[in-house]
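So the structure is just underneath, and the comments pick up after that.
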Amino acid sequence: MRQVAPRLCELRAEHTLSQAGPSRLVLCSYGGKPFVLKLVRLCARAPTIDGAAAGSGSAEWAQREAYVLALAGVRATPWVVALHGCLSTPTTRALLLEYLPGGNLSSLMNRQGALGHDMARFYIAETALGLEALHALAVAHRDVKPDNICIRASGHCALVDFGFSRCFGPITDGPSVERHLERSFSLLGTPAYLAPEIFLREGHGPAVDLWALGVTLYELLVDAMPFGGEETSDLYHAALHDEPHFPQSQFIVSSHARELVGTHESRLCQCPLPAPKLHRRDTPPSGSTI
8 MRQVAPRLCE LRAEHTLSQA GPSRLVLCSY GGKPFVLKLV RLCARAPTID
58 GAAAGSGSAE WAQREAYVLA LAGVRATPWV VALHGCLSTP TTRALLLEYL
108 PGGNLSSLMN RQGALGHDMA RFYIAETALG LEALHALAVA HRDVKPDNIC
158 IRASGHCALV DFGFSRCFGP ITDGPSVERH LERSFSLLGT PAYLAPEIFL
208 REGHGPAVDL WALGVTLYEL LVDAMPFGGE ETSDLYHAAL HDEPHFPQSQ
258 FIVSSHAREL VGTHESRLCQ CPLPAPKLHR RDTPPSGSTI
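Residues in the sequence shown are numbered from 8 upward in steps of one, following this note's numbering.
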């Protein structure tokens, strides 16, 4: 995390990038360098995906996001968006973040459809490295999906949006919201990417990120979701009982990719396999930059 950051009054607001719920992302500049200012309207409680009131709201989520990003910054984790500073008022928390001009993988797929093996392999490998670094810090992201994987100007990617993240294990030197936690029973996240132990409320840990990573890999390769349903309950039933459908052509989804996504018995999060050795690639695949 940077020791010296521009003050809010020194930032020049350009335009709003996006707005969802209590959060708004504003493109700003300081000294000719672009930043993203994330403004979170603080409230005591917020709804979960099933409509019930959660025990924590945007105030705690914003505090947790700032803590996790600061922790990742101290450990120099390159696969996570950089935090340059933060401040709070009684009604708003502001996070000054690295600007990622390539947008997210969801926007990239909207423009060109399925990404193909080379690009999917590259982005999934870098996201896996980010999750590996987070899990080493006992942090689970809990909302891994193409929308939350953004691309730098260099073509490399970074995880963003840590509002749903949670610290597990004996981390006690953070703010009051970060306590020793073996498992969480919260029902939150994006339904299509939720591991069964989340929506069954059996208690979950960082391994749920691997399920979401497998769903993301399938989506990048096929430009569709592995499980579907008209209602959320149908989606959950499919995730529990159905198999992902793969196109017959090996050129669309190779046998190695099918194995990584897995069958019902060997899917990433249901029966974790030993973690493969991931080799860093210095050059992004062709067409990955914007």
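Backbone N, C-alpha and C fix where the C-beta goes; we use that ideal spot for every residue, glycine too.
Residue i - partner residues in DSSP beta bridges
i              : result
arginine 19    : Ser36
glycine 92     : Leu103
proline 43     : Correcting the residue type first, residue 43 is valine in the shown sequence and not proline. For valine 43, which the question treats as bridged, DSSP gives the partners Leu34 and Leu104.
leucine 194    : Bridge partners of leucine 194: none, in fact.
cysteine 50    : Paired residue(s): none; cysteine 50 is not in a bridge.
asparagine 111 : Cys157
alanine 27     : Ser30
histidine 211  : Ser191
valine 146     : Cys174
alanine 199    : Paired residue(s): none; alanine 199 is not in a bridge.
alanine 165    : Cys157
valine 87      : Leu166
Rounded C-alpha distance that separates residue i from residue j
i                 : j              : result
arginine 31       : glycine 235    : 30 angstroms
aspartate 125     : proline 97     : 47 angstroms
leucine 78        : leucine 90     : 10 angstroms
aspartate 180     : serine 262     : Residue placement at aspartate 180 is poorly supported in this model, since its pLDDT is 48, which falls under 50; the coordinates are not used for a value here.
proline 203       : arginine 14    : 43 angstroms
glutamate 250     : serine 95      : 46 angstroms
isoleucine 156    : tryptophan 68  : 19 angstroms
valine 167        : alanine 145    : 17 angstroms
valine 47         : glutamine 255  : 45 angstroms
glutamate 209     : proline 198    : 16 angstroms
tyrosine 225      : glutamate 17   : 43 angstroms
valine 151        : arginine 19    : 31 angstroms
cysteine 164      : alanine 264    : 20 angstroms
leucine 207       : glutamate 21   : 43 angstroms
alanine 147       : glycine 80     : 16 angstroms
alanine 66        : leucine 247    : 33 angstroms
leucine 242       : serine 193     : 18 angstroms
phenylalanine 175 : alanine 143    : 10 angstroms
arginine 82       : cysteine 93    : 18 angstroms
serine 240        : serine 113     : 24 angstroms
leucine 24        : methionine 116 : 18 angstroms
proline 29        : alanine 245    : 31 angstroms
alanine 27        : threonine 99   : 15 angstroms
glutamine 119     : leucine 220    : 21 angstroms
glutamate 299     : alanine 231    : The structure shown does not extend to residue 299, since the chain is modelled only from 8 through 297, so no value can be given for it.
glutamine 70      : asparagine 111 : 24 angstroms
leucine 49        : glycine 123    : 41 angstroms
leucine 195       : glycine 212    : 13 angstroms
Given residue i as reference, the closest of the options once Cα atoms are compared
i              : options                           : result
arginine 149   : Phe169, Ala165, Arg100 and Ile156 : Phe169
glycine 109    : Thr99, Val88, Arg100 and Leu194   : Val88
proline 85     : Glu105, Asp241, Pro198 and Ser172 : Glu105
arginine 190   : Pro198, Thr197, Gly92 and Ser172  : Ser172
valine 222     : Glu237, Leu201, Ile205 and Leu207 : Leu201
leucine 227    : Arg71, Leu49, Asp154 and Gly92    : Asp154
tryptophan 121 : Val33, His142, Leu242 and Ile259  : According to the sequence displayed, residue 121 carries alanine and not tryptophan. If we check each option's Cα against that of alanine 121, Ile259 comes out closest.
lysine 45      : Leu24, Ser240, Leu102 and Gly123  : Leu102
methionine 107 : Phe42, Met232, Pro233 and Leu267  : The question names methionine, but residue 107 is leucine in the sequence shown. Among Phe42, Met232, Pro233 and Leu267, the Cα nearest to that of leucine 107 belongs to Phe42.
histidine 252  : Ile205, Asn111 and Val229         : Val229
cysteine 267   : Asn111, Ala127, Arg71 and Gln70   : Inspection of the sequence shows that residue 267 is occupied by leucine rather than by cysteine. Measuring from the Cα of leucine 267, the nearest candidate turns out to be Ala127.
proline 233    : Gly269, Val33 and Ile205          : Gly269
Proximity test, residue i beta-carbon vs the ligand ADP heavy atom, cut-off 8 angstroms
i             : result
histidine 211 : Ligands are entirely absent from the displayed structure, and the ligand ADP is therefore not among its contents.
Self-check item: Three-pair Cβ contact test at 8 angstroms for the segment 144-162 versus the segment 36-48
Solution: no
Exercise. Flag this pair as touching only if the segment 135-147 and the segment 215-235 have three or more C-beta atom pairs under 8 angstroms; answer yes or no.
Key: yes
Quiz item: Given 8 angstroms as the limit, is there contact between the segment 68-83 and the segment 115-132, that is, 3 or more CB pairs closer than that?
Solution: no
Quiz item: Mind pulling the beta strand (DSSP E) runs of 3 or more residues that sit fully within the segment 205-251?
Solution: none
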